[in-house]
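Asker: Numbering (this note's numbering), first residue to last: 40 to 313. No residue lacks a Cβ here, since even glycine has one placed at the ideal position from N, Cα and C. As the structure is a computational prediction, the values presented were derived from the model and not from experiment.
#1: Quick one: what does DSSP say residue 201 is sitting in, helix, strand or coil?
#2: Skipping 5 residues on each side, what residues in its chain have a beta carbon closer than 6 Å to that of residue 283?
#3: For residue 177, which of 94, 296 and 239 has the nearest alpha-carbon?
#4: Do you know how far the Cα of residue 174 is from the Cα of residue 220?
#5: Are three or more beta carbon pairs between the stretch 189–197 and the stretch 222–242 nearer than 8 Å?
#6: Could you name the residues of the same chain whose beta carbon sits closer than 8 Å to that of residue 279, not counting the 5 residues immediately before and after it, in chain order?
#7: Excluding the five sequence neighbours on either side, which residues of its own chain have a C-beta within less than 6 Å of the C-beta of residue 97, listed in chain order?
#8: For residue 181, which of helix, strand or coil comes out of DSSP?
#9: When we look at the beta-carbon of residue 298 and count the other beta-carbons within 10 Å, is it buried (16 or more) or exposed?
#10: Can you tell me the Cβ-Cβ gap for residue 290 and residue 246, rounded? I've got them flagged as a contact below 8 Å.
#11: Classify residue 313 as helix, strand or coil using the three-state DSSP reduction.
#12: Assuming residue 191 and residue 258 are in contact, meaning their beta carbons sit under 8 Å apart, how far apart are those beta carbons, in whole angstroms?
#13: To which residues of the same chain is residue 111 closer than 6 Å at the C-beta, ignoring the five residues directly before and after it?
#14: Quick check: residue 222 and residue 285, are their CB atoms within less than 7 Å of each other?
#15: Hey, residue 241 and residue 300: beta-carbon distance below 7 Å or not?
#16: Which of helix, strand or coil does DSSP assign to residue 243?
#17: Between residue 236 and residue 281, how many whole angstroms is the CB-CB distance? I'm expecting something under 8 Å.
#18: Taking the alpha helix (DSSP H) that residue 214 belongs to, which residues open and close that run?
#19: Express the C-alpha separation of residue 125 and residue 2 in angstroms, rounding to a whole number.
#20: If you count every other CB in all the chains shown that lies within 10 Å of the CB of residue 127, and 16 or more means buried, which is it?
#21: Measure the beta-carbon distance from residue 206 to residue 217 and round it to whole angstroms, keeping in mind my assumption that it falls under 8 Å.
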């Protein structure tokens, strides 16, 4: 006779044992899978970190290389600019010579600070005055200007007041437009006379006097004929030749100290000195 309670007990005990042994195995399997997943995730994170670090290092290296190349280009440009400036810079002026001031005769008191010797800069100022700006030269040139202005001015007025005669005189030459040249000749002579009286643009007036007197000699008085006249002392055009020489003198030396040009020249010298 079989004891059912004993069999029941044994069967239930076996089921309980199987359940007890199955649940820990499943728990261990789940824990192992979770641990493996965590390990794989950690490995993936480490791999990503390594890749990010490598990318950051490559980016830093590229930036460092670009910065070094930029600095090299900036240094080359600066060197070329300095070379150009050095080539275009003017030659350095000689340094002025300094002379030390004489030392004080009295000794320096105890505890006092000695005063350093102050350098003294010496400069040589040379004032040059033209000989024709002095009294004698100025007076001579002034009188010569007045005489020449009277001669040329009277001739200019005559040419302007007698334009038909002046036009007829110019028509006998090879010069074109005699009527226009008659007016130009008279106006030029009057303007030269006024400039000589005041000493204004004396060099320009001297050049104009040379052209007017020389043109009169070459085209009117001398021309293709000989300047000498039989039975007459001297030659034709003596006054015009003298005016050419005087015009050359005014062109070379100016109007002297008694002139408007001298005032302009003095103002320019004062401006340069200031």
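Answerer: Well, looking at it:
#1: Collapsing the DSSP output to three states places residue 201 in coil.
#2: These residues qualify, in order along the chain: 249, 252 and 253.
#3: A check of alpha carbon separations from residue 177 across 94, 296 and 239 identifies 296 as the nearest.
#4: So the alpha carbons of these two residues sit roughly 40 Å apart.
#5: Touching, per the Cβ criterion.
#6: Excluding residues within five positions, the ones whose Cβ falls inside 8 Å are 252, 253, 255, 256 and 260.
#7: Contacts found: none.
#8: If DSSP states are grouped into helix, strand and coil, residue 181 belongs with the helices.
#9: Residue 298 sits buried, since 16 or more C-beta atoms from the chains shown fall within 10 Å of its C-beta.
#10: Correct: roughly 5 Å between the Cβ atoms.
#11: Correct three-state label for residue 313: coil.
#12: Going by Cβ atoms, the distance from residue 191 to residue 258 rounds to 18 Å, so no, they are not a contact pair.
#13: Cβ neighbours of residue 111 beyond the five flanking positions: none.
#14: In this structure, residue 222 sits away from residue 285, with a CB-CB distance that is not shorter than 7 Å.
#15: Taking a C-beta distance under 7 Å as the contact criterion, residue 241 and residue 300 qualify as a contact pair.
#16: Residue 243 falls in the helix class under three-state DSSP.
#17: About 19 Å; that fails the 8 Å criterion.
#18: No alpha helix (DSSP H) contains residue 214, which DSSP labels as neither H nor E.
#19: Absent from the structure is residue 2, since the part of the chain shown begins at 40 and ends at 313.
#20: Classification of residue 127: exposed, given that the 10 Å Cβ count is below 16.
#21: Their Cβ separation, rounded to whole angstroms, is 5 Å, which keeps residue 206 and residue 217 in contact under 8 Å.
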